[in-house]
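>
Protein chains: 2
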Amino acid sequence: MASLGFFSNESAQRSGAGDNSTAAPAWCQIAQKFTGGIGTKLCAFLYGDGQRPTENVVKEETTSLATNRSCACSKTPCACQKVQTNFSVLHATDLLPACDGEGVTFTFLEQVLDILLDYILKTFDRSTKVIDFHYPDELLEGFNWMLDEQPNTLEDILVTCRTTLKYAVKTGHPRYFNQLSTGLDMVGLAADWLTSTANTNMFTYEIAPVFVLLEYITLKKMREMIGWPGGCGDGIFSPGGAISNMYALLIARYKLFPEVKEKGMAAIPKLIAFTSEHSHFSIKKAAAALGIGTDGVVLIKCDGFVPFFVNATAGTTVYGAFDPLVAIADICNKYKIWMHVDAAWGGGLLMSRKHRWKLNGTDRGNSVTWNPHKMMGVPLQCSALLVREEGLLQNCNQMNACYLFQPDKQYDLSYDTGDKALQCGRHVDIFKLWLMWRAKGTMGFEAQIDKCLELSDYLYNKIRNREGFEMVLDGRPQHTNVCFWYLPHSIRHLPDNEERRSLLMKVAPQIKTRMMSFGTTMVSYQPQGDKVNFFRMVISNPAATQEDIDFLIEEIERLGQDL
Amino acid sequence: MASLGFFSNESAQRSGAGDNSTAAPAWCQIAQKFTGGIGTKLCAFLYGDGQRPTENVVKEETTSLATNRSCACSKTPCACQKVQTNFSVLHATDLLPACDGEGVTFTFLEQVLDILLDYILKTFDRSTKVIDFHYPDELLEGFNWMLDEQPNTLEDILVTCRTTLKYAVKTGHPRYFNQLSTGLDMVGLAADWLTSTANTNMFTYEIAPVFVLLEYITLKKMREMIGWPGGCGDGIFSPGGAISNMYALLIARYKLFPEVKEKGMAAIPKLIAFTSEHSHFSIKKAAAALGIGTDGVVLIKCDGFVPFFVNATAGTTVYGAFDPLVAIADICNKYKIWMHVDAAWGGGLLMSRKHRWKLNGTDRGNSVTWNPHKMMGVPLQCSALLVREEGLLQNCNQMNACYLFQPDKQYDLSYDTGDKALQCGRHVDIFKLWLMWRAKGTMGFEAQIDKCLELSDYLYNKIRNREGFEMVLDGRPQHTNVCFWYLPHSIRHLPDNEERRSLLMKVAPQIKTRMMSFGTTMVSYQPQGDKVNFFRMVISNPAATQEDIDFLIEEIERLGQDL
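Line by line, the protein sequences give chains A and B. Numbering-wise, this note's numbering puts 1012 at position 289 of the first sequence, and it's gapless, one number per residue. Numbering-wise, this note's numbering puts 801 at position 78 of the second sequence, and it's gapless, one number per residue.
#1: How big is the Cα-Cα spacing for B/Ala1199 and A/Asn1034?
#2: So if DSSP puts B/Arg1259 in a beta bridge, which residue, or which two residues, is it bridged to?
#3: Kindly provide the ranges of any beta strand (DSSP E) runs that are 3 or more residues long and lie completely inside the stretch 1046-1123 of chain A, ordered along the chain.
#4: Keeping to the same chain, check which residues put their C-beta closer than 7 angstroms to that of A/Leu1289; ignore five residues upstream and five downstream.
#5: Using the beta-carbon count (16 or more within 10 Å), is B/Val1049 buried or exposed?
#6: Which residues bound the alpha helix (DSSP H) around B/Ile1153?
#7: Using DSSP with H/G/I as helix, E/B as strand and the rest coil, what is B/Gly1283?
#8: Taking B/Gly1191 as the reference, give the member of B/Gln1104, B/Met1228, B/Met1260, B/Pro1211 with the closest Cα.
#9: By how many angstroms is the C-alpha of A/Tyr928 removed from the C-alpha of B/Thr858?
#10: Provide the residue(s) that pair with A/Ser961 in DSSP beta bridges, ordered along the chain.
#11: Whose Cβ in chain B lies nearer than 9 angstroms to the Cβ of A/Lys1163?
#12: Under 8 angstroms, with one C-beta from each stretch per pair, do the stretch 1084-1103 of chain A and the stretch 910-919 of chain A reach the 3-pair mark?
#13: When DSSP labels each residue in this structure, what does B/Leu881 get in the three-state scheme?
#14: Would you verify that the beta carbon of A/Gln1117 is, or is not, closer than 9 angstroms to some beta carbon of chain B?
#15: Is there a C-beta anywhere in chain A that falls below 9 angstroms from the one on B/Gln1269?
#16: Let me know the alpha helix (DSSP H) ranges lying completely inside the stretch 978-1008 of chain B, each 4 residues or longer, listed in chain order.
#17: Relative to the alpha-carbon of A/Tyr1134, which residue among B/Leu1196, B/Pro1130, B/Lys1235 has its alpha-carbon at the smallest distance?
#18: For B/Met899, count neighbouring C-beta atoms within 10 Å of its own C-beta (all shown protein chains included) and say buried if the count is 16 or more, exposed if not.
#19: Between which two residues does the beta strand (DSSP E) carrying B/Thr816 extend?
#20: Since B/Phe1192 sits in a beta bridge, which residues does DSSP pair it with?
#21: Does A/Arg1215 pass the burial test, meaning 16 or more other C-beta atoms within 10 Å, or should it be called exposed?
#22: When you compare only the Cα positions, how much space is there between A/Ile1279 and A/Thr887?
#23: Could you pull the start and end residues of the beta strand (DSSP E) that A/Val1033 belongs to?
#24: In chain order, what residues of the same chain have a beta carbon less than 7 angstroms from the beta carbon of B/Val910, not counting five sequence neighbours either side?
#25: Is the shortest distance between the beta-carbon of A/Gly963 and the beta-carbons of chain B less than 9 angstroms?
#26: Quick check: is the beta carbon of B/Trp1160 nearer than 9 angstroms to any beta carbon in chain A?
#27: Is it buried or exposed, A/Met869, if we count other Cβ atoms within 10 angstroms and call 16 or more buried?
#28: Inspect the CB distances between the stretch 971-984 of chain A and the stretch 927-946 of chain A and report whether three or more fall short of 8 angstroms.
#29: Could you tell me the distance, in whole angstroms, from the CA atom of A/Ile1186 to the CA atom of A/Thr851?
#30: Could you compute how far the alpha carbon of A/Gly1141 sits from the alpha carbon of B/Leu1282?
#31: In this structure, how does DSSP classify A/Val935 when only helix, strand and coil are distinguished?
#32: Which one of A/Tyr1058, A/Arg1224, A/His1063, A/Ala965 has the shortest CA to CA distance from A/Pro1047?
#33: Check the DSSP bridge columns for A/Lys1254 and list the partner residues they point to.
#34: Please classify A/Lys756 as buried or exposed, where buried requires at least 16 neighbouring CB atoms within 10 angstroms.
#35: For the stretch 908-929 of chain B, enumerate the residues whose C-beta is nearer than 7 angstroms to any C-beta of chain A, in chain order.
#36: Locate the alpha helix (DSSP H) running through A/Met1228, then write down its first and last residues.
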């Protein structure tokens, strides 16, 4: 494996600025602290004398990446044998199901775990960079990522894993605020590893009995949280909020005009869906895909059109704002219009006794999108569509493919969910949510969500009157979104005119570029309507603290002061 | 955690029929064999005296599930301290990002790895059951799966993980033939664990730099395999073949009538898509969703309709048949109709010099669905849509949401793939495919695919003239699908009439029910058209051998002889 340019001295880089790693694995040091001696032993056991092969060792083709597994008791010598696993002569074909592949597999996966543990510890270590940023061309040219005719060794695979993580964005880092989904939950992660290992599909009980039941249980629990009597209704986990929203449009249309399934849009009147200008673009995207057309998603009087769908947003992407759900429900009820609540971002607040009032009226929705992978910190992806009326999902989407869903199976076929889905095979997204809920309890989610909202309050209080900061909206934020401009000295005292606006527009992108170059923190920015580029802070990571908020503010000032 | 009924004596069950596990972890025994002594040490290190807590220990609330981590060198005593990690008093809040949570996290994840390794070894152990089947009510009642207000301990979480896997279907077992996706690839698994740990989203280069580049590289490589000059074109990984097929319909419609995006189906003529009766139901499902209607998917003369889309299947779900791609391409070319090749199942054969001729003509398609999670054994999910024309995906799906895709970022924005997708966030499905390709090389995939086809040939040769077996189709199978009836003695010599058919219809379901009850193997069955329930064998698992095929045949005979 060729390794060029800035990849040529991996270990030197890893001890560079913003990265506190050394030749010994980070968790080795931790383990020593934690276990009072046994850690040293375990490290020695796994890495010989505490030395771990670094990437640049590999570059010497004559050097073998041997993993020394030795018992190195600190005081009394013992008689354990050393084991050498030389991955530079082993290939994927040496792993299970290879004959006698157990040992190599075991050692290989232990090595992988080590790489992952190392990454996890760095993720939560504030002295580690959030990102080691390089431009696409640099990353492409700096390393041989090519796929060849010939196999590569397991050594190459392990090195590649390490390299991949080196340039990954640490989305669980306490100072990563860039997206609505942040954090790295350890129980969720364990559940996701288990899900990968079980490697099955959600479409029938036959091949995913436990996961299907856990989805059933969890969807019911979520409907109870929404407030539907007895948790009745239906639902499905889908690959993300955009698809959940598409499901909502799809079944709303089907509910009104079931003939659309066979005859298409040509057989039914022109439809109009309503949504706010700050709603997620997925509503328009879905309308385009479903043959409604983006022109059918508007806020106009609707002569000649059949209004069939209102999307109410509970927690908008940029401002974190909540639509007036009760008022919308009243109107939808009066005119018999399907009410969908896009609570992809806001849904998590249902877990909080303090904040769930913001979602009052959600229980009157016909369908609700709720993404546990956002505010609840479940690993990506985990998005649910909840539907009040049972049977619609099935009737709308089923194609009766009996080669998948044999009607003469021995068990209760209502547990086969495959025909409800737009997808055929469907990834197991449920286990991580279920296991996290099991581990934290509802109160655990509540505590972590309340903490994030307190932190956003802390941020808001800290910057609303701070020199050089200007809030985009008046009033306290409803969610953890805090939107603000930073004004460098050069424009701070200019009159609010076009010139100032065009200068201000460039500030956030420039600070963001520097931020990524230093790798110290990440926060999103965007324009919205007539408002030029501003920072949108969101907090969904339980690892974040007041200190991290302080750091962000000071970092923006540091990086932006000379602009 | 309450644990009732058949869950009440876990360890007794685990040593029962079809399950060779004992109190010591399976990999402990393996490690001992493999490492010549060090294995004993590692086991002792992790489990004290080789004893691992079993689930029924947990039921005694007074007993703590303590993990004894001791150095237990077999010959010379040493001075290492014992460590007790008592998970029965620890909770998710003790894990990272908790202050000083590193040690607990490390031990917890090691325990999880142990559970997963145990499952992996059982997966490849033919003396282990494929499934420990229970009816939904039994599983629901036998265990407390409920989600509570209060948190559960980490001990409960570990036990739950083990229980979940106990009742999971071992989709990597050499005798699991139930789906098109089978097998458990160790490199793919490692890649999926890494993906979970990196926990990011595909929509921008900013938050997934390496994964975005690897998707770019891999899609190009796949287009080269298809035969598009220079690997030119476009593509995207989607959550499964059904969604990939939906993309194809979507962009084909957009290509012909771009105004559909804004104005919907009302603004364009009635459309007709063609597909074969054996094609996957996802084509009809997509047509229903997109507002074309399932009536718009037919094989009829099309007066007044605009034929816009032909779906050609390369490897049908049941028979594994390949449509005449070259002939279809000629017609599509003549009439300027979009040609889509659904090679979800057959695409893997592109990797085989021996079998790729079956896909001749795919290079003339406008779009191709290819699911590496099927014939190539990549962990679920991994499905690609490849598009010959660049830019269409973007133009068709983009909504210019500048809060996600800021136009003033510092890097080449063509690497931001988010606006091409129907989804907003998109799971990282690329790394497992890329890493497996890297590890095996193209030739490694070729070898494992050729082997699966040889095995299906072996099965075909073995049963085509065997007493009691009857082939559903004449001639050799084109893919690994082998479809056949098993005829018990009671109906073997009946004349081929309605009575025989109604008896035969019940045979496969009965054998399958018994098969799952014994848990020895799993194979799918279904009716198709006028053909009553028959078995559909598919082989996509590199772990399967001739011995497993022999076993399957004999097991069907054993389970079906008295019917």
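Ideal Cβ positions, reconstructed from N, Cα and C, are used throughout, including at glycine.
Once the coordinates are examined:
#1: Reading off the sequence, residue 1199 of chain B comes out as Arg, not Ala. When rounded, the distance between both Cα atoms is 54 angstroms.
#2: B/Cys1206, B/Ser1247
#3: 1061-1065, 1090-1093, 1106-1110
#4: Nothing can be reported for residue 1289 of chain A: it is not among the residues displayed for chain A, which extend from 724 to 1286.
#5: exposed
#6: 1153-1186
#7: helix
#8: B/Pro1211
#9: According to the sequence displayed, residue 858 of chain B carries Tyr and not Thr. Rounded to whole angstroms, B/Tyr858 to A/Tyr928 spans 9 angstroms at the Cα level.
#10: A/Ser1106
#11: His814, Ala815, Thr816, Pro874, Asn875
#12: yes
#13: helix
#14: no
#15: no
#16: 983-986
#17: B/Lys1235
#18: Contrary to the premise, residue 899 of chain B reads as Tyr rather than Met in this sequence. Answer is buried; the Cβ neighbour count reaches 16.
#19: Segment: none, B/Thr816 is in no beta strand (DSSP E) and carries neither H nor E.
#20: B/Tyr1209
#21: exposed
#22: 28 angstroms
#23: 1029-1036
#24: Leu1158, Met1159, Ala1162
#25: yes
#26: yes
#27: exposed
#28: no
#29: 26 angstroms
#30: 28 angstroms
#31: helix
#32: A/His1063
#33: A/Gln1251
#34: Because A/Lys756 carries a pLDDT of 43, less than 50, the predicted location of this residue cannot be relied on, and no value is offered for it.
#35: Met909, Val910, Leu912, Ala913, Asp915, Trp916, Leu917, Ser919, Thr920, Ala921, Asn922, Thr923, Asn924, Tyr928
#36: 1221-1241
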